[in-house]
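Asker:
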Amino acid sequence: MSAVPSTHLNDGNSIPQLGFGVFQIPPEETTDAVRAALEVGYRHIDTAEMYGNEREVGEAVRDFGIDRADVYVTSKLNNGAHAPDDARSAFAGTLDALGFDYLDLFLIHWPLPTLYDGDYVSTWRVLEELRGEGRVRSIGVSNFQVEHLERLAAEADVVPAVNQIELHPYFLNAEVCAYDEAHGIATQAWSPIAQGRVLDDPVVTAIAERVGRTPAQVVLRWHIQRGNIVFPKSTSPARMVENFEIFDFELEPGELAQIDGLDEGEAGRIGPNPDTFAFVPG
Ligand SMILES: NC(=O)c1ccc[n+]([C@@H]2O[C@H](COP(=O)([O-])OP(=O)(O)OC[C@H]3O[C@@H](n4cnc5c(N)ncnc54)[C@H](OP(=O)(O)O)[C@@H]3O)[C@@H](O)[C@H]2O)c1
Numbered sequence: 000m001s002a003v004p005s006t007h008l009n010d011g012n013s014i015p016q017l018g019f020g021v022f023q024i025p026p027e028e029t030t031d032a033v034r035a036a037l038e039v040g041y042r043h044i045d046t047a048e049m050y051g052n053e054r055e056v057g058e059a060v061r062d063f064g065i066d067r068a069d070v071y072v073t074s075k076l077n078n079g080a081h082a083p084d085d086a087r088s089a090f091a092g093t094l095d096a097l098g099f100d101y102l103d104l105f106l107i108h109w110p111l112p113t114l115y116d117g118d119y120v121s122t123w124r125v126l127e128e129l130r131g132e133g134r135v136r137s138i139g140v141s142n143f144q145v146e147h148l149e150r151l152a153a154e155a156d157v158v159p160a161v162n163q164i165e166l167h168p169y170f171l172n173a174e175v176c177a178y179d180e181a182h183g184i185a186t187q188a189w190s191p192i193a194q195g196r197v198l199d200d201p202v203v204t205a206i207a208e209r210v211g212r213t214p215a216q217v218v219l220r221w222h223i224q225r226g227n228i229v230f231p232k233s234t235s236p237a238r239m240v241e242n243f244e245i246f247d248f249e250l251e252p253g254e255l256a257q258i259d260g261l262d263e264g265e266a267g268r269i270g271p272n273p274d275t276f277a278f279v280p281g
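Going by numbering that gives the first Met the number 0, 30 is the number at position 31 of the sequence shown; the sequence numbering is gapless.
Given below as structure tokens:
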């Protein structure tokens with residue numbers, strides 16, 4: 000029923016290349032939003048313990064009456080739970096909140112190199128164990144810089160299946176993407192439309208006019224053709240449909256290059272820098 004392609008991961012699993020993100024959707028609105036997204040055809044939901052809405056994501060999936068195996072669900076380890084025992088209980092809490100007996104993908108949300116004595120390796124080893132126990136199908140990281148990925152490569156056994164990073168036309172995050180690609184790590188692009196900021200860029204609007212699509216569709220299509228996995232967030236069912244209808248047109252190489260040209264490097268970053276981010280929710 001859906002034209003969403005799958006991306007193959009380095010562990011043999013695959014993930015729908017387009018999903019639905021629920022960051023900043025209040026819990027009381029999450030069940031309706033996820034239900035609406037499932038109605039549109041989304042079969043991949045990206046949540047996190049930090050978002051405070053895992054329970055409502057699980058409820059929406061169950062209420063929709065779809066087989067658990069037909070929806071791909073990602074969650075992430077919260078920043079206060081990097082110590083190995085805490086990571087194990089946090090994962091159990093995530094499964095419990097979702098009401099699932101397994102998770103498709105579990106990520107370390109932030110590397111937090113200035114906390115926990117800079118030790119994200121022992122945290123990663125817990126994710127390796129959880130995968131070994133069959134409680135999560137794939138494991139990955141989020142906001143890991145090249146240095147953090149290199150350290151995992153040197154000290155751990157399993158290469159992350161994905162790295163979920165900030166990535167949009169104003170911030171191509173090129174070095175991290177190049178590392179991911181060279182090492183078989185799939186790149187997931189968070190804030191894929193820069194939380195709306197790129198949508199009135201003249202380069203984007205000109206391409207949108209030329210191809211007869213909306214700016215959001217153009218930017219999401221650019222991600223898809225670059226091979227990124229995306230999960231735009233919206234609480235508007237009309238925008239959920241708009242963001243889903245990106246598989247029946249193609250951008251020309253010149254148009255892709257024009258959008259690549261919007262990169263502002265570090266200045267284009269809208270979220271925190273992973274090298275210094277040290278927020279632990281209270
Ligand atoms: N790993 C991490 O550290 C991390 C960090 C941030 C985000 N994420 C993940 O990435 C997902 C997406 O990122 P994001 O939520 O920050 O930003 P985003 O998807 O780039 O943008 C969401 C914003 O754009 C608006 N929007 C959505 N579709 C639109 C359209 N077609 N036209 C105009 N406006 C539109 C939404 O408003 P309406 O809701 O009003 O439509 C919302 O304000 C998150 O939900 C989360 O799953 C991960």
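Heads up, the beta-carbon is just placed ideally off N, CA and C, and yes, glycines get one too.
Computed from a predicted structure; not experimentally measured.
1) Using DSSP bridges, identify the partner residues of K75.
2) Classify R61: buried if its beta carbon has 16 or more other beta carbons within 10 angstroms, exposed otherwise.
3) Would the C-beta of E45 count as close to ligand 1, meaning under 6 Å from any of its heavy atoms?
4) Would L284 pass as a contact of E55 if the rule is Cβ separation under 7 Å?
5) Please tell me whether F18 and F248 are closer than 7 Å, where the distance is taken between their beta carbons.
6) Could you give the distance in angstroms between the alpha-carbon of D85 and the alpha-carbon of E208?
7) Tell me whether T122 counts as near ligand 1, meaning its Cβ is closer than 6 Å to at least one heavy atom of that ligand.
8) Any contact between the stretch 128-136 and the stretch 166-184? By contact I mean 3 or more CB pairs, one from each, below 8 Å.
9) With respect to the alpha helix (DSSP H) encompassing V197, which residues constitute its N-terminal and C-terminal limits?
10) Just how far apart, CA to CA, sit G79 and Q163?
11) Drop a sphere of 10 angstroms on the beta-carbon of S27, count the other beta-carbons inside from all chains shown, and report buried for 16 or more, exposed for fewer.
12) Helix, strand or coil for I14 per DSSP?
Answerer: Result, derived from the coordinates:
1) Translated into positions along the sequence shown, residue 75 becomes position 76. Beta-bridge pairing links K75 to L106.
2) Working through the sequence shown from its first residue, we reach residue 61 at position 62. Exposed is the call here.
3) Residue mapping note: residue 45 aligns to position 46 of the sequence shown, counting from 1. The residue asked about is misnamed: residue 45 is Asp in this sequence, not Glu. Within the cutoff, so yes.
4) Limits of the chain in this structure are 0 at one end and 281 at the other, which puts residue 284 out of reach.
5) Numbered from 1 along the sequence shown, position 19 holds the residue referred to as residue 18. Numbered from 1 along the sequence shown, position 249 holds the residue referred to as residue 248. In the sequence as presented, Phe is not what sits at residue 18; that position holds Gly. Not in contact: G18 and F248 (Cβ atoms no closer than 7 Å).
6) Residue 85 sits at position 86 when you count from the first residue of the sequence shown. Residue 208 sits at position 209 when you count from the first residue of the sequence shown. Approximately 51 Å between the Cα atoms of the pair.
7) Mapped onto the sequence shown, residue 122 falls at position 123. T122 Cβ: outside cutoff for every heavy atom of ligand 1.
8) no
9) Taking the sequence shown and counting its residues from 1, one reaches residue 197 at position 198. Neither: V197 is in no alpha helix (DSSP H) and is coded neither H nor E.
10) Residue 79 sits at position 80 when you count from the first residue of the sequence shown. Residue 163 sits at position 164 when you count from the first residue of the sequence shown. Taking the straight line from one Cα to the other gives about 19 Å.
11) In the sequence shown, residue 27 corresponds to position 28, counting from 1. The identity of residue 27 in the sequence shown is Glu, whereas the question assumes Ser. Exposed, by the Cβ-count rule.
12) Residue 14 sits at position 15 when you count from the first residue of the sequence shown. Three-state result, I14: strand.
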